[in-house]
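The structure under discussion appears below in the form of structure tokens.
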Amino acid sequence: MVFRGFFAFFLLLVLAVGGCASPGASGPATSAAAATGVPALPRSIERDVGPAYRDPALQAYVDGVGQRLLQRSGITAPHRFIVLDLPNANAHAVSSYVFVTRGLLAGLDDEAELAAALSHEVSHLLQRHAAQRAQARQGVLDSAIEAAAATGSVTVGRSVAREGLLALRRYSRDQELEADRLGLALLVRAGYRGSAMANLIDKLRRQSQLEMQLMGEAPDAVDRRSASSTHPAPVERQKALLGLADVSAPGESGRDAYLKAIDGISVDDSPQEGFVRGNKFFHPMMMLGFEAPHDFRLFNDQDGVLGVGRDRSLIFFSCLPEPVNGSLAEWMRNQLKPTPTDIQSTEIGGAEAAIGARPRGSDAGLSQLRYVMVRRGDRVCYFNLLSDGADRDHRIDVLVNAARTFRTLSEAEAAGLRPYRLRVVPTGGTSASRLAQTLPYEDYKMERLLVLNGADSPAALMRLAQVKTIQP
Numbered sequence: 043m044v045f046r047g048f049f050a051f052f053l054l055l056v057l058a059v060g061g062c063a064s065p066g067a068s069g070p071a072t073s074a075a076a077a078t079g080v081p082a083l084p085r086s087i088e089r090d091v092g093p094a095y096r097d098p099a100l101q102a103y104v105d106g107v108g109q110r111l112l113q114r115s116g117i118t119a120p121h122r123f124i125v126l127d128l129p130n131a132n133a134h135a136v137s138s139y140v141f142v143t144r145g146l147l148a149g150l151d152d153e154a155e156l157a158a159a160l161s162h163e164v165s166h167l168l169q170r171h172a173a174q175r176a177q178a179r180q181g182v183l184d185s186a187i188e189a190a191a192a193t194g195s196v197t198v199g200r201s202v203a204r205e206g207l208l209a210l211r212r213y214s215r216d217q218e219l220e221a222d223r224l225g226l227a228l229l230v231r232a233g234y235r236g237s238a239m240a241n242l243i244d245k246l247r248r249q250s251q252l253e254m255q256l257m258g259e260a261p262d263a264v265d266r267r268s269a270s271s272t273h274p275a276p277v278e279r280q281k282a283l284l285g286l287a288d289v290s291a292p293g294e295s296g297r298d299a300y301l302k303a304i305d306g307i308s309v310d311d312s313p314q315e316g317f318v319r320g321n322k323f324f325h326p327m328m329m330l331g332f333e334a335p336h337d338f339r340l341f342n343d344q345d346g347v348l349g350v351g352r353d354r355s356l357i358f359f360s361c362l363p364e365p366v367n368g369s370l371a372e373w374m375r376n377q378l379k380p381t382p383t384d385i386q387s388t389e390i391g392g393a394e395a396a397i398g399a400r401p402r403g404s405d406a407g408l409s410q411l412r413y414v415m416v417r418r419g420d421r422v423c424y425f426n427l428l429s430d431g432a433d434r435d436h437r438i439d440v441l442v443n444a445a446r447t448f449r450t451l452s453e454a455e456a457a458g459l460r461p462y463r464l465r466v467v468p469t470g471g472t473s474a475s476r477l478a479q480t481l482p483y484e485d486y487k488m489e490r491l492l493v494l495n496g497a498d499s500p501a502a503l504m505r506l507a508q509v510k511t512i513q514p
């Protein structure tokens with residue numbers, strides 16, 4: 043995801059332990075899932091990629107599109123095509139499995155675009171790209187070790203490794219372009235329109251641009267690829283396709299069948315991970331919630347919840363995997379390094395809590411860092427808070443007050459929390475502005491609606507007979 047860089051940066055500064063998922067929320071697929079038609083993944087694979095989405099009809103539809111790609115190209119090696127229960131837009135392949143997330147499905151507009159995503163991943167598997175990258179990476183490491191041994195200089199070894207890894211990233215980008223090219227050929231052989239591959243790339247580009255807008259970043263940043271990037275920029279991928287004859291090949295789109303298949307799909311986190319609602323987070327299974335400052339955007343992840351403010355202040359919320367014996371203040375004093383200062387025992391929501399500050403002058407520099415821990419029965423949840431702007435001393439107090447909004451949900455509140463779902467509706471008798479206003483989001487309503495439907499303008503949206511919308 044776009045936001046994993048923020049997670050990595052933040053977790054380098056503060057303690058990161060545990061996860062926010064309920065006990066048993068992640069784990070091997072059950073026999074009950076297989077019995078209902080949902081694919082049962084090997085434990086090792088599910089642990090890496092996540093659970094399959096519990097919709098047998100959708101699973102069968104996506105697998106059917108994938109099998110058509112294989113059959114029309116004479117590919118006899120068995121492959122499984124599986125929808126993952128994840129809200130982010132992604133597709134990848136492991137062993138003989140090709141995965142697409144329900145988040146990706148929600149952003150596509152027809153069966154041809156789904157086939158383009160699957161054919162790209164099948165091409166990675168057929169070319170053994172992952173194995174080639176692993177072999178090349180090992181070669182880089184071997185060369186670095188040899189250089190360090192021959193010269194007696196660790197610095198030389200590091201330089202060789204750095205140059206080799208940059209070359210490996212360029213190699214990875216070349217593999218992506220190759221998968222686009224070979225996937226396009228598979229797509230056309232299967233009878234789908236060739237333009238679907240370029241459309242898929244454009245959809246992903248526009249979704250990334252919207253994510254940048256939500257983060258307060260320049261949308262065109264998605265088109266600027268750095269030397270360390272492992273993927274080519276979307277415009278680079280689109281340009282590479284222009285010279286290929288297959289890109290304009292006619293074929294099926296399958297829009298009606300696709301919209302019918304995804305109608306009702308969840309576009310939210312699972313209840314086991316909790317829900318972001320504007321600047322608030324609620325977990326119906328753990329029956330807890332909190333409210334971030336109004337300028338914050340919250341992003342839910344399996345490791346916890348990240349909040350990013352307009353001034354780049356950060357909140358990270360999660361829960362410890364093991365119970366804490368004794369007082370939270372003592373645990374904080376004995377377990378966190380460097381030992382926090384100004385540790386205070388307090389109460390939040392009527393429960394035991396502790397607040398401490400990371401010492402100034404530590405590796406966090408001049409940043410203000412606070413730890414807030416709250417006991418909930420036999421579990422302990424925590425907030426790591428960071429502010430390093432010009433107003434950091436005041437801002438950190440605002441973040442601590444946000445942590446103090448942590449509370450237990452009532453049974454009625456928890457029962458009323460449901461994931462947002464995609465619905466396919468006719469455009470007749472309504473307008474783009476009215477459709478946008480029905481979206482359950484606080485801002486960027488029209489932008490979200492247009493990106494969801496791959497439309498350039500409200501007028502283009504209304505030329506469609508049916509459109510996708512989001513409903514609570």
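Numbering follows the working numbering, in which position 342 of the sequence shown is assigned residue number 384; successive positions increment by one, without gaps.
Ideal Cβ placement from N, Cα and C applies to all residues, glycine included.
Span of the beta strand (DSSP E), counted from its first residue to its last, around residue i
{"i": "Ala157", "result": "It is not in any beta strand (DSSP E) - Ala157 instead sits in the alpha helix (DSSP H) that spans Glu153 to Leu168."}
{"i": "Met415", "result": "Gln410 to Arg418"}
{"i": "Gly12", "result": "This structure cannot settle anything about residue 12, because the visible part of the chain is limited to 43 through 514."}
{"i": "Leu348", "result": "Gly346 to Val350"}
{"i": "Gly149", "result": "No beta strand (DSSP E) holds Gly149; the alpha helix (DSSP H) holding it covers Arg144 to Gly149."}
{"i": "Asp343", "result": "Arg339 to Asp343"}
{"i": "Asn367", "result": "No beta strand (DSSP E) contains Asn367, which DSSP labels as neither H nor E."}
{"i": "Gln255", "result": "Counting along the chain, Gln255 falls outside any beta strand (DSSP E), though it belongs to the alpha helix (DSSP H) covering Ser237 to Leu256."}
{"i": "Ser429", "result": "Arg421 to Ser429"}
{"i": "Arg122", "result": "Arg122 to Leu126"}
{"i": "Ala502", "result": "Premise fails: Ala502 lies in the alpha helix (DSSP H), Pro500 to Met504, not in any beta strand (DSSP E)."}
{"i": "Glu389", "result": "Thr383 to Ile390"}
{"i": "Leu464", "result": "Arg463 to Pro468"}
Residue i versus residue j: straight-line alpha-carbon distance, rounded
{"i": "Arg476", "j": "Pro514", "result": "16 Å"}
{"i": "Ser161", "j": "Arg465", "result": "27 Å"}
{"i": "Asn376", "j": "Arg412", "result": "16 Å"}
{"i": "Leu147", "j": "Arg460", "result": "20 Å"}
{"i": "Asp305", "j": "Leu506", "result": "16 Å"}
{"i": "Arg536", "j": "Val277", "result": "With the chain covering 43 to 514 only, the question about residue 536 has no answer from this structure."}
{"i": "Asp498", "j": "Ser137", "result": "38 Å"}
{"i": "Gly79", "j": "Ala303", "result": "16 Å"}
{"i": "Asn495", "j": "Gly471", "result": "18 Å"}
{"i": "Arg449", "j": "Val347", "result": "16 Å"}
{"i": "Asn443", "j": "Gly392", "result": "15 Å"}
{"i": "Pro274", "j": "Leu219", "result": "8 Å"}
{"i": "Asp105", "j": "Glu315", "result": "26 Å"}
{"i": "Met329", "j": "Arg402", "result": "35 Å"}
{"i": "Asp262", "j": "Phe324", "result": "32 Å"}
{"i": "Leu224", "j": "Phe123", "result": "18 Å"}
{"i": "Asn132", "j": "Gly145", "result": "7 Å"}
{"i": "Pro129", "j": "Asn342", "result": "10 Å"}
{"i": "Ala82", "j": "Ala291", "result": "37 Å"}
{"i": "Gly69", "j": "Ala457", "result": "For Gly69, the predicted structure reports a pLDDT of 34, less than 50, and the residue's modelled location is therefore unreliable. A value from the coordinates is still provided. Distance between the alpha carbons of Gly69 and Ala457: 24 Å."}
{"i": "Asp439", "j": "Leu229", "result": "55 Å"}
Cβ-Cβ separation, residue j to residue i (assumed contact under 8 Å), whole Å
{"i": "Phe317", "j": "Phe359", "result": "Their Cβ separation, rounded to whole angstroms, is 13 Å, which puts Phe317 and Phe359 out of contact at 8 Å."}
{"i": "Val515", "j": "Ile512", "result": "Outside the shown range of the chain, which is 43 to 514, sits residue 515, and nothing can be said about it."}
{"i": "Asp127", "j": "Gly92", "result": "6 Å"}
{"i": "Pro380", "j": "Arg354", "result": "That pair is no contact at about 23 Å."}
{"i": "Met374", "j": "Gly398", "result": "5 Å"}
{"i": "Met535", "j": "Ala432", "result": "As shown, the chain starts at 43 and ends at 514. That puts residue 535 outside it, with no answer to give."}
{"i": "Leu378", "j": "Val422", "result": "Not confirmed; about 13 Å, so no contact."}
{"i": "Asp430", "j": "Leu408", "result": "7 Å"}
{"i": "Leu226", "j": "Leu283", "result": "7 Å"}
Continuous alpha helix (DSSP H) stretch holding residue i: start and end
{"i": "His134", "result": "That residue, His134, is in no alpha helix (DSSP H); its beta strand (DSSP E) goes Ala133 to Val136."}
{"i": "Asn443", "result": "Arg434 to Ala445"}
{"i": "Tyr103", "result": "Pro98 to Arg114"}
{"i": "Ala474", "result": "Ala474 to Gln479"}
{"i": "Ser355", "result": "No alpha helix (DSSP H) contains Ser355, which DSSP labels as neither H nor E."}
{"i": "Ser86", "result": "Arg85 to Val91"}
Of the listed residues the options, nearest to residue i (C-alpha basis)
{"i": "Asp151", "options": "Ala82, Gln169 and Ser237", "result": "Ser237"}
{"i": "Glu163", "options": "Ala240, Ala221 and Leu494", "result": "Ala221"}
{"i": "Asp311", "options": "Leu83, Tyr95, Arg85 and Glu88", "result": "Tyr95"}
{"i": "Leu246", "options": "Asp265, Met257, Glu259 and Val230", "result": "Asp265"}
{"i": "Pro468", "options": "Ala456, Glu389, Asp298 and Ala82", "result": "Asp298"}
{"i": "Asp90", "options": "Arg434, Phe141 and Ala393", "result": "Phe141"}
{"i": "Glu294", "options": "Trp373, Ala154 and Gln344", "result": "Ala154"}
{"i": "Gly320", "options": "Arg339, Leu330 and Ala232", "result": "Arg339"}
{"i": "Ala232", "options": "Glu484, Ala157 and Ala501", "result": "Ala157"}
{"i": "Tyr424", "options": "Ile357, Lys322, Gly285 and Leu229", "result": "Ile357"}
{"i": "Ala445", "options": "Arg417, Gln251, Glu455 and Gly431", "result": "Arg417"}
{"i": "Ser86", "options": "Val230, Arg110, Ser369 and Tyr139", "result": "Tyr139"}
{"i": "His121", "options": "Val493, Asn130, Glu88 and Gly108", "result": "Gly108"}
{"i": "Pro365", "options": "Asp420, Pro382 and Leu111", "result": "Asp420"}
{"i": "Leu301", "options": "Pro84, Ala82, Pro81 and Gln508", "result": "Gln508"}
Within-7 Å CB hit, residue i to chain D
{"i": "Ala135", "result": "No chain D appears in this structure, which consists of one protein chain only."}
Near the ligand GTP: residue i beta-carbon under 6 Å from a heavy atom
{"i": "Arg465", "result": "Annotation note on the ligand GTP: not contained in the displayed structure, which lists no ligands."}
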